[in-house]
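Working notes, beginning with the structure itself.
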Amino acid sequence: MSHLTSTNRIAKLMQTERIYLRPFDITDVDAYYPSLFEPEMRKQTGTQASFIRSQVEKYVESLAQDDSRLNLLIALQNTDEIIGDVALMDMHAKNRSAHIRIAIDQPAHQGKGYGSEALLLMLDYGFGIANLHRIELEVFAFNERAIRTYEKLGFQREGVKRDMLYYNHQYHDAILMSILEHEFREKHLKIDK
200 MSHLTSTNRI AKLMQTERIY LRPFDITDVD AYYPSLFEPE MRKQTGTQAS
250 FIRSQVEKYV ESLAQDDSRL NLLIALQNTD EIIGDVALMD MHAKNRSAHI
300 RIAIDQPAHQ GKGYGSEALL LMLDYGFGIA NLHRIELEVF AFNERAIRTY
350 EKLGFQREGV KRDMLYYNHQ YHDAILMSIL EHEFREKHLK IDK
């Protein structure tokens, strides 16, 4: 994956001891593009399309122009290796709502809590900086590890979209989940009143 030198270090927008979140840069295409073909990540995210490099370049360039989303790379503090990305999308100012999604690209980095840390950083940003009231997500029913993670973070199940995804010769349900600002604050913040 991608490694940064001190001469091209990009600002860490949000961070924990183990990971940090930073914006995409056009130079990240070389690291990001191969991750779009990792079989397990494609299954867990329901990715059916195939991409060419120029499409990914246009996508990365468009991110800075879209004020309805915040899409950030997840990188390891100790190596600067890019391990995935996380996004707040479809941010709606009047409704104070957004959709969140995350992908940890390689199985070697999954199941280590990096995704939980990245999600907490983005939820904190969404509720504490972007002034959102509701953040929702969809997860496929077969992704039990992700469902447990989301529930542990405080997401509530709201419903099921039946047969939402056709993948590997069968249909799969998608579970709609959300968390509200007061639920996040009660679970994750210690605010003096």
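Read in order, the letters of the sequence shown are residues 200 to 392 in the working numbering. Glycine included, each C-beta is placed from N, C-alpha and C at the ideal position.
As assigned by DSSP and simplified to three states, the class of residue i
| i | result |
| --- | --- |
| residue 332 | coil |
| residue 230 | helix |
| residue 318 | helix |
| residue 326 | helix |
| residue 274 | strand |
| residue 241 | helix |
| residue 297 | strand |
Sequence-distant residues of its chain with Cβ nearer than 6 Å to residue i (five each side left out)
| i | result |
| --- | --- |
| residue 336 | 299, 376 |
| residue 204 | Reliability of the predicted coordinates at residue 204 is poor, the pLDDT of 43 falling under 50, and no value is obtained from them. |
| residue 243 | 342 |
Residues that residue i bridges to, as DSSP identifies them
| i | result |
| --- | --- |
| residue 371 | 364 |
| residue 214 | 219 |
| residue 284 | 272, 302 |
| residue 387 | Note: residue 387 sits in no beta bridge, so no partner. |
| residue 376 | 336, 356 |
| residue 381 | Residue 381 pairs with nothing; no bridge assigned. |
| residue 291 | 296 |
C-beta atoms of residue i and residue j nearer than 8 Å
| i | j | result |
| --- | --- | --- |
| residue 250 | residue 235 | yes |
| residue 282 | residue 322 | no |
| residue 318 | residue 352 | yes |
| residue 227 | residue 272 | yes |
| residue 380 | residue 326 | yes |
| residue 295 | residue 332 | yes |
| residue 328 | residue 338 | no |
| residue 269 | residue 287 | yes |
| residue 221 | residue 276 | no |
Residues near residue i in its chain [Cβ-Cβ closer than 7 Å; skip 5 each side]
| i | result |
| --- | --- |
| residue 348 | 314, 315 |
| residue 357 | 375, 376, 377 |
Residue-level contact to chain B via CB, residue i, 8 Å cutoff
| i | result |
| --- | --- |
| residue 389 | You won't find chain B in this structure, because it holds only one protein chain. |
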